[in-house]
Each structure stands twice: as C-alpha cells, then as structure tokens.
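Enquirer: Convert by adding 1042 to the 1-based position in the sequence shown; the result is the number in the working numbering.
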Amino acid sequence: MVMKKREIPSIFDGNKKKKLYALFILLGITLVLFALSFIITPTNMSMERCFFGLFGESDEAANRIMQRIILPRNLAALLIGGGLSLSGLLMQTSLKNPMASPATLGVSNAAVFGANVIILCLYGTSSNSFVSAGDSPFQTSMVAFAFSFLCLLLVLLLSSFHKFHPTTVVLVGIVLGSCFQALTTLLQYFADDVALSAIVGWSFGNLERITMGENGILGVVLLVSLASFSFLGYRFNALDAGDGFARSVGVHTSLLRFLSLLFASLLGALCVSFCGMIGFVGIIAPHIMKRIIGRDHRFLFPTSFLAGSSLLLICDIFTRLIGKGTSLPVGAITALVGTPLFLIILFSKKGDKYALSK
C-alpha cells in the first residue's frame, strides 16, 4: 500500500507557511552566526586580517590561522551541531522517547573507550612506542568510530530478536553504554599522568582538533542523511502517530526504525569520534523546533539541523569571548547553556503540546 498525504493526521499538515518562515529565518540566523564566527577569533585579529586571511590574501600568520584553525573549527561547529541535532531527532522519533539523544545507544561511551585505548597506546608507556608513527587526531577518531560501530552492531543484533522494540533498544543501549563506561574507567585508572591528561583533553569536547578532511566526511554523510530523511518525512509522521497507524498506511515500521537507529548512531558516532563528547545539543535543538513548528518531520529535519548548528555556533563563539585567548571546551558550555534551556522547555506551558509527549 502506498502512503498518501491525506492519510496522515491533520496535526502534521497545518500552518505550512509558518514552518517555511521558521526554516528561512533559521537559515538566515545560522548564516549570520557562521559569518560572525570568522570575526570573533581567539587571537583577537582585526576584521580586515580575518577577512583577507580567510582567502589567503593577508600576512602568513593570518592566512595560516584562518585557513588551518578557524575555518575547520567553524565548519565543525556548523556540521557537528546539525549532526547531533539530526541524530537526536531520529532517536526521539524512532524510540518514542523525548529524552533520547545520540548517546542513548551507548555509541558515545564506546567512542570514548576507543579513544582511550589508542591514547594509552600512544602515550601510556615507552613500550608502546611502536604506534607513534600514527600519532594523529585522525587515527584517534577512526579508532573511536570503530568502537562506536561495534557497539551499534551489538545493539542492533540484540534488539533484532525483539523486532527492534523501542524499549528493548533503549535497555540494550544503556547496558552496553554502561559496560564501555566501566571499561573506560579501568583504563584511566591504570594510565600514567601524560596519558590521563591526553584522555581528559580529548573527552572534553573540543572543535579545534577536527580537520578539513574530517569535515568533508561529515558533510557528505550529513547531506545524504538530511536529504533522505526529509524526503521520508511523511513516513516518520506516520511512525510518530503510532506503529499501528503507520502499518495501516503501508509503512514497514521495523525497517524504518532500523534505518533510523543505524543512521542516527552513525551520525552520533562520527561527531563524538571527531570532537569528543558534546552534550545537550541532540536533545535541546529538536525540542525547541517542536515547540515552534510542531511535529511535522518534513520540516523538523532541516529546522532541527539548523537549530543545532546555531546552538553550537553560539556556544563556540561564547567560549572565545570568555576564554581570553585560551581554548575552553565547548562541551562544557553546551551543558551549561542546555540545562536551563531544557528546564524552561520542560516546564513551559506555551508552545506545541506535543513537544515533550511520547
């Protein structure tokens, strides 16, 4: 059976003009913040040096800073903020859990464990110097992603025995995440001072370590995911209305849930592997957009992506303003900003009544 637009509940089709306005306003806000992030830099360079340095037309120092540090960092804030938000929305819809986030299935804890393993190999003892040739952020990211993918496969394999029932998926993810967290604690206990310092620095959540190559990988994955899931928006609307209704209009709920969890986990794993733990963005941004435009996933996917990008850009700009030349971990700032925001959303009586339901 082919699902048709008229078969979707009316709560998803109302006020289309408002949703389009929200989409274009958010796009404008994101572009302004992205441009502003090139002006507010940790080095306090003049606006002229920033502008010409971005295009390689300034002095050598400005060119290097803008092209090798600021540009990758700003792109990372744009892509990772959007990726975490998109991952969180997929998790919340698929698992019917408003508290779901990219970390729900344990992939974030698995990524941290993988990073701990490679960092200990690189810095732990002199006897491990055989891997020093691969001492690079990209190597750490790839090992972290490999462990995330392993955790994801275990979650999907074990959940398949119960046809990916949301409760089963969440419980399996919590158990595996706790297991990887315990293993991480054991590794840190036996680490020396140098390795422990590197581990703590990696896990804070820092956008400075990401490279243009990693931004390229993340950008391609995000573009494909965002386009695909926005195109399938009606099917997610049907799934959001209930499994029974979704099946009645021809949606293969188990397959859609499997693909959603797969891509959501891969997005979350990529983000954590490249920049460490950044919390709250994947929870907050989707709920903000549900308050503003409702639960129509045709618009929720792109607007949540832009909201996540804007939120992380704001937090990163804030770290530059208060850091006074030093690099503060953006992961700590997102948690400080996210906590009051989430409480405001949780206890607010205004907005869409469906925002924190289900």
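Just so you know, even glycine gets a beta-carbon here, dropped at the ideal spot from N, CA and C.
What you are looking at is a predicted structure, and each value in this text was computed from that prediction instead of being measured.
To the nearest angstrom, how far is the alpha carbon of V1108 from that of S1270?
Expert: Going by the sequence as given, residue 1108 is Met instead of Val. Going from the Cα of M1108 to the Cα of S1270 covers about 33 Å.
Enquirer: DSSP three-state label for T1083, please.
Expert: Reduced to three states, the DSSP call for T1083 is coil.
Enquirer: Quick one: any contact between the stretch 1324 to 1341 and the stretch 1131 to 1143, if contact means 3 or more CB pairs under 8 Å?
Expert: Cβ pair count under 8 Å is three or more, so yes.
Enquirer: With a threshold of 8 Å between beta carbons, is L1355 in contact with chain C?
Expert: Although the question refers to chain C, the structure presented lacks it and comprises just one protein chain.
Enquirer: For the candidate residues R1299, G1095, L1073, whose alpha-carbon lies nearest to that of T1083?
Expert: Minimum Cα distance to T1083 is reached at G1095.
Enquirer: If we ignore side chains and look at the alpha-carbon of each, how far apart do V1262 and G1324 end up?
Expert: Whole-angstrom Cα-Cα distance: 19 Å.
Enquirer: State the DSSP-derived secondary structure class of F1263, mapped to helix, strand or coil.
Expert: Checking the sequence, you will find Val at residue 1263 rather than Phe. V1263 falls in the helix class under three-state DSSP.
Enquirer: On a Cα-Cα basis, can you pick out the residue from D1285, S1352, D1282, W1244 that is closest to I1161?
Expert: Checked all of D1285, S1352, D1282, W1244; the closest Cα to I1161 is W1244.
Enquirer: Among R1340, L1355, F1191, A1327, which has the Cα closest to the Cα of T1381?
Expert: It is A1327 whose Cα lies nearest to the Cα of T1381.
Enquirer: Below 8 Å, how does it come out for the stretch 1107 to 1125 and the stretch 1313 to 1323: are there three or more Cβ pairs, yes or no?
Expert: Touching, yes.
Enquirer: List the endpoints of the continuous alpha helix (DSSP H) containing P1328.
Expert: First-last of the alpha helix (DSSP H) with P1328: 1323 to 1335.
Enquirer: How far does the alpha helix (DSSP H) with P1208 in it extend, from its first residue to its last?
Expert: 1208 to 1231 is the extent of the alpha helix (DSSP H) around P1208.
Enquirer: Could you say if the stretch 1240 to 1256 and the stretch 1282 to 1290 meet the contact criterion of at least three C-beta pairs nearer than 8 Å?
Expert: With the cut-off at 8 Å, the stretch 1240 to 1256 and the stretch 1282 to 1290 do not touch.
Enquirer: Near G1373, which residues of its chain fall below 6 Å by C-beta distance, leaving aside the five closest residues on each side in sequence?
Expert: Hits under 6 Å: F1246, G1247, M1319, I1320.
Enquirer: Count the C-beta pairs between the stretch 1297 to 1308 and the stretch 1224 to 1244 that are closer than 8 Å, then say yes if the count reaches three, no if not.
Expert: Touching, no, given that fewer than three Cβ pairs across the two stretches are closer than 8 Å.
Enquirer: What do you reckon, are the CB atoms on V1074 and G1148 nearer than 8 Å?
Expert: No.
Enquirer: If distances are taken between C-alpha atoms only, which option among I1387, L1385, D1358 comes closest to A1375?
Expert: Before going on, a small fix: residue 1375 reads as Ile here, not Ala. When only C-alpha atoms are compared, the closest one is D1358.
Enquirer: How many angstroms separate the CA atom of S1088 from the CA atom of L1113?
Expert: Each residue's Cα considered, the two are about 16 Å apart.
Enquirer: Taking Cβ to Cβ, would you say G1350 is nearer than 8 Å to S1127?
Expert: Cβ distance < 8 Å, so G1350 and S1127 count as in contact.
Enquirer: Here's the rule: buried if 16 or more other CB atoms are within 10 angstroms of the residue's CB, otherwise exposed. What is H1294?
Expert: Exposed: under 16 other Cβ atoms inside 10 Å.
Enquirer: Within the continuous alpha helix (DSSP H) that includes L1308, where are the two ends?
Expert: Here the alpha helix (DSSP H) through L1308 covers 1295 to 1317.
Enquirer: Among residues of its own chain, excluding the 5 on either side of L1218, which ones have a beta-carbon nearer than 7 Å to its beta-carbon?
Expert: Contacts found: G1148, C1193, L1196, V1197.
Enquirer: Taking the Cβ atom as the reference point for each residue, do L1268 and P1344 lie within a distance shorter than 8 Å?
Expert: Yes.
Enquirer: Should H1339 go down as buried or exposed, given a rule of 16 or more other Cβ atoms within 10 Å for buried?
Expert: So H1339 counts as buried.
Enquirer: Where does the unbroken alpha helix (DSSP H) through N1105 begin, and where does it stop?
Expert: Counting along the chain, the alpha helix (DSSP H) containing N1105 begins and ends at 1102 to 1107.
Enquirer: Buried or exposed: R1115, going by 16 or more other Cβ atoms within 10 Å of its Cβ?
Expert: Buried.
Enquirer: Can you tell me whether L1265 is buried or exposed? The criterion is at least 16 other CB atoms within 10 Å of its CB, across all chains shown.
Expert: Exposed is the call here.
Enquirer: Between the alpha carbons of I1216 and F1093, how many angstroms are there, rounded?
Expert: Near 46 Å, if we compare the C-alpha coordinates of F1093 and I1216.
Enquirer: For my contact list, S1136 and L1342 are in at a C-beta cut-off of 8 Å; report their separation, rounded to the angstrom.
Expert: Not really, about 13 Å apart at Cβ, beyond 8 Å.
Enquirer: Can you tell me where the alpha helix (DSSP H) with V1291 in it begins and where it stops?
Expert: No alpha helix (DSSP H) contains V1291, which DSSP labels as neither H nor E.
Enquirer: Considering only the beta carbon of each residue, do V1314 and S1202 sit closer than 8 Å?
Expert: It is not a contact, given that the beta carbons lie outside the stated cut-off.
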